[in-house]
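For reference, the structure is listed below as structure tokens.
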Amino acid sequence: MSPPDLHPVPPEFAATARLKRDDYERLYAQSVREPDAFWGDVARRLDWMQAPTQIKDVSYALDDFHIRWYADGELNASVNCLDRHLATRGDKTALIFEPDDPAQTAQHISYRDLHARVCQLANALRGLGVKKGDRITIYLPMIPEAVAAMLACARIGAIHSVVFGGFAPQSIADRVHDCQSKLIITADEGLRGGKKVPLKANVDAALKLPGTNSVETVLVVRHTGAAVNMQMPRDRWFDAVVDGQPVQCEPERMNAEDPLFILYTSGSTGKPKGVLHTTGGYLVWASYTHESVFDLREDDIYWCTADVGWVTGHSYIVYGPLANGATALVFEGVPNYPNVSRFWEVIDKHRVTIFYTAPTAIRALMREGEAPVKKTSRASLRLLGTVGEPINPEAWRWYYETVGDSRCPVVDTWWQTETGGILISPLPGAIDTKPGSATKPFFGVQPALVDANGALLEGEAEGNLVLLDSWPGQMRTVYGDHPRFIDTYFRTYPGMYFTGDGCRRDADGYYWITGRVDDVINVSGHRIGTAEVESALVSHPKVAEAAVVGFPHDIKGQGIYAYVTLIVGEGESEDLRKELVAHVRKEIGPIAAPDHLQWAPGLPKTRSGKIMRRILRKIAENAPDQLGDTSTLADPSVVESLVQHRRVP
Ligand code: WTA
1 MSPPDLHPVP
11 PEFAATARLK
21 RDDYERLYAQ
31 SVREPDAFWG
41 DVARRLDWMQ
51 APTQIKDVSY
61 ALDDFHIRWY
71 ADGELNASVN
81 CLDRHLATRG
91 DKTALIFEPD
101 DPAQTAQHIS
111 YRDLHARVCQ
121 LANALRGLGV
131 KKGDRITIYL
141 PMIPEAVAAM
151 LACARIGAIH
161 SVVFGGFAPQ
171 SIADRVHDCQ
181 SKLIITADEG
191 LRGGKKVPLK
201 ANVDAALKLP
211 GTNSVETVLV
221 VRHTGAAVNM
231 QMPRDRWFDA
241 VVDGQPVQCE
251 PERMNAEDPL
261 FILYTSGSTG
271 KPKGVLHTTG
281 GYLVWASYTH
291 ESVFDLREDD
301 IYWCTADVGW
311 VTGHSYIVYG
321 PLANGATALV
331 FEGVPNYPNV
341 SRFWEVIDKH
351 RVTIFYTAPT
361 AIRALMREGE
371 APVKKTSRAS
381 LRLLGTVGEP
391 INPEAWRWYY
401 ETVGDSRCPV
411 VDTWWQTETG
421 GILISPLPGA
431 IDTKPGSATK
441 PFFGVQPALV
451 DANGALLEGE
461 AEGNLVLLDS
471 WPGQMRTVYG
481 DHPRFIDTYF
491 RTYPGMYFTG
501 DGCRRDADGY
511 YWITGRVDDV
521 INVSGHRIGT
531 AEVESALVSH
541 PKVAEAAVVG
551 FPHDIKGQGI
561 YAYVTLIVGE
571 GESEDLRKEL
581 VAHVRKEIGP
591 IAAPDHLQWA
601 PGLPKTRSGK
611 IMRRILRKIA
621 ENAPDQLGDT
631 STLADPSVVE
641 SLVQHRRVP
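Printed below as a string of structure tokens:
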């Protein structure tokens, strides 16, 4: 690592930063040495109905496994995000809504307005029979109603499960079935880059699939005004049910360990898991990390470009910013519509000061050159952030130099759906940055590297990333399947949480995430399990077997490479290839569509029948000279044919 690649904290930034260099060392040491005192203090940032006296109560030991934080505390997340700001920030803008079409007027929604909207919806949900602990599915575009819907659930103690608007009917149905949702909140249609997304029609199709009988009511937001099929009495227009409701609503008292939400995410095996987060620890974590990592000030205009369908939207569009009384921008659109300057134009239009996006978006915009950036001012910006996947140093530098005019620190934030919020990241006033490194652990976070046998690696090393102890924002269980939670995260390396990521630690103790080491592919920052794509492929009547791996992709970080064996007698053809890709889109959603599909007369298997993915990965990477030992294969000759017909970029 050459010295010019170290970006010291800019002195002007450090001068006014919330946390400075010495604060980091001091607070980090304290957070690890005295977790009860530290996290007890931090919890005072929230309004509790009953302040917690028990702080940390955790054991990762397999025979006495439990994770509890603030277990005797009581609070309501929506009160923390709304009510407590009314006296001092009632007229402050909570949300700026920037529609897909820039010609449509943006909306500014004050904390008072948002509070009223949330209370009305919460009252409506109660009127429809929703009670504390019920599950509600939210399948909405990026519109203010999505934020209101989450907070309305929180207000009455219902557990929300937000399903990304890009998921297909089967994926909605699987998620509804798994958590037995009672009600779905959706919209007539979504709009993205000028294209319509048939949300209500997707819900209709999902509810025709088996296992979805739990749904009693579908609330439909009128968004584009498109005509949709309304099936009475199940389907109700959102405005008809909500508009006449009182603007006050008694919040439910929630225990800190009562569930706040479920969010489904892909793992290495099986169907997506319902990651469950609870109320107290999660909210402490989301708000404290949001304030610290983004060095939040009262007058910031903060924009995170994620979708509320992902955890980044949950923690850093909704719960973190609103708990902190911030102004958050909600963007319905995409980076390249109506043109590739859109992000930068929106920054100028709303005078955005903090901008948080994904490496895949940065790489895509980088390809368009400097001109679309440089024609905008971006003078309002003071801090840039990235999340979702490793950022390559070239993209980091472009972001820093071209977008931020070499003025704004870049915070590369590493975390996961499971972690609830940021775990490894620079604090912009305290930690010097290096392009491509997520740098240092946040307070209370104890990363470590282990080798394949679980032995801890010291100093400069590369290995699997584990966390040695808990933090308040940690997930508490896989909804409905606690054994799966323990098996997935705590059994590989007993006594430690296994992240599934590979990582390197340099001589300065900086962490460099290298990507997933399990069968999860990270496509444009979206997690996709190879098993999910395989099962979608084999659900096609002409497919006998499928194996899916990731391969390096210039823009998306990773792409999806599928090997498909057809049923005997079925012919390989270009049409069938297209049909299979379309089939995956239809079964899971466009984000899971294979980028490349190769016919595989046979798959490389061990004599016990296990597919050797290592070999398939190397072929997909176009590195046939690195296949390693193939002598243990049942039939080594299949490899030769796969290599011959591989995709050569
Ligand atoms: C990857 C998104 C490198 C990582 C918040 C992790 C990253 C997975 C970074 C979680 C980063 C996320 N640098 N890799 N800054 N942030 N990842 O659950 O592989 O959608 O395990 O959460 O994304 O993805 P998830």
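With UniProt numbering as the guide, the letters of the sequence shown map in order to residues 1 to 649.
We put the CB at the ideal spot given by N, CA and C, even for glycine.
Note that this is a predicted model, so its numbers are computed, not measured.
Bridge partners for T93 per DSSP, in chain order?
S110
Those residues which DSSP pairs with V78 across a bridge
Correcting the residue type first, residue 78 is Ser in the shown sequence and not Val. DSSP output for S78 lists no bridge partner at all.
How big is the Cα-Cα spacing for F164 and K132?
23 Å
Complete beta strand (DSSP E) runs within the stretch 207-246 (minimum length 3 residues, chain order):
217-221, 235-237
For A593, tell me which candidate among L199, F331, S524 has the shortest Cα-Cα distance.
S524
Taking 8 Å as the threshold, find out whether the stretch 414-425 comes into contact with the stretch 397-406 through three or more Cβ pairs.
no
CB contact flag (A206, A173, <7 Å)
yes
Put S171 into one of helix, strand or coil per three-state DSSP.
helix
Heavy atom of the ligand WTA within 6 Å of R354 beta-carbon
Just to set this straight, residue 354 is Ile in the shown sequence, not Arg. No - the ligand WTA has no heavy atom lying nearer than 6 Å to the Cβ of I354.
Identify, in the order they occur along the chain, each residue of the same chain with its Cβ nearer than 6 Å to the Cβ of V318, setting aside the five sequence neighbours on each side.
V147, M150
Count the other C-beta atoms from every protein chain shown that fall within 10 angstroms of the C-beta of G211, then say buried if there are 16 or more, exposed otherwise.
exposed
Within the present structure, is the beta-carbon of R527 separated from the nearest heavy atom of the ligand WTA by less than 6 Å?
yes
Out of D5, S161, R646, point me to the one whose CA is closest to residue 655's CA.
Here the chain has residues from 1 to 649 only, and residue 655 is not among them.
Identify whether L357 lies in helix, strand or coil by the three-state DSSP scheme.
Checking the sequence shown, residue 357 turns out to be Thr, not Leu. Note: T357 maps to strand in three-state DSSP.
Could you work out which residue in T105, V242, H160 is closest to I138 when comparing CA atoms only?
H160
Residue closest to G244, alpha-carbon to alpha-carbon, out of A124, W303, H177, P335:
A124
Output needed for S315: all residues of its chain with C-beta closer than 6 Å, excluding positions within five of it in sequence on either side, in chain order.
A286, G421
Chain-order list of residues whose beta-carbon lies under 8 Å from that of N392 (same chain, five-residue window excluded):
P359, R363, G436
Classify V478 as helix, strand or coil using the three-state DSSP reduction.
strand
Taking the alpha-carbon positions, what's the R112 to Y563 distance?
54 Å
Quick one: what's got a C-beta closer than 7 Å to D5's C-beta in the same chain, skipping five residues either side?
K434, P435
Considering only heavy atoms of the ligand WTA, does any lie closer than 6 Å to the CB of V387?
yes
If you draw a straight line from the C-alpha of M1 to the C-alpha of A507, how long is it?
Low confidence applies to M1: its pLDDT is 44, below 50, so where it sits in the model is not reliable enough to give any reading.
Less than 6 Å separating the Cβ of R504 from some heavy atom of the ligand WTA?
no
Leaving aside the five residues before and after L603 along the sequence, list all residues of the same chain whose C-beta is less than 7 Å from its C-beta, in chain order.
E545, A547, Y563, T565, I611, V638
Alpha carbons only, please: which of G385, K542, L597, L128 is nearest the one belonging to E570?
K542
Using C-beta distances below 8 Å, list every residue in its chain close to Q626, excluding the 5 sequence neighbours before and after it, in chain order.
K618
Please indicate yes or no: does the CB of W237 lie closer than 6 Å to some heavy atom of the ligand WTA?
no
Return the CA-CA distance between W39 and T279, expressed in angstroms with no decimal places.
15 Å
Three-state secondary structure (DSSP) of E98:
strand
For P636 and G628, what's the separation of their Cα atoms in angstroms?
12 Å
Straight-line Cα distance separating P141 from I96
15 Å
Quick check on the burial criterion: 16 or more other C-beta atoms within 10 angstroms. Buried or exposed for S608?
exposed
Is I513 a contact residue of the ligand WTA, with contact defined as CB to any heavy atom under 6 Å?
yes
Counting only runs of 4+ residues fully inside the stretch 386-439, write out the alpha helix (DSSP H) ranges in chain order.
393-398
Which listed residue (G225, I513, V346, W48) has its alpha carbon closest to that of L283
W48
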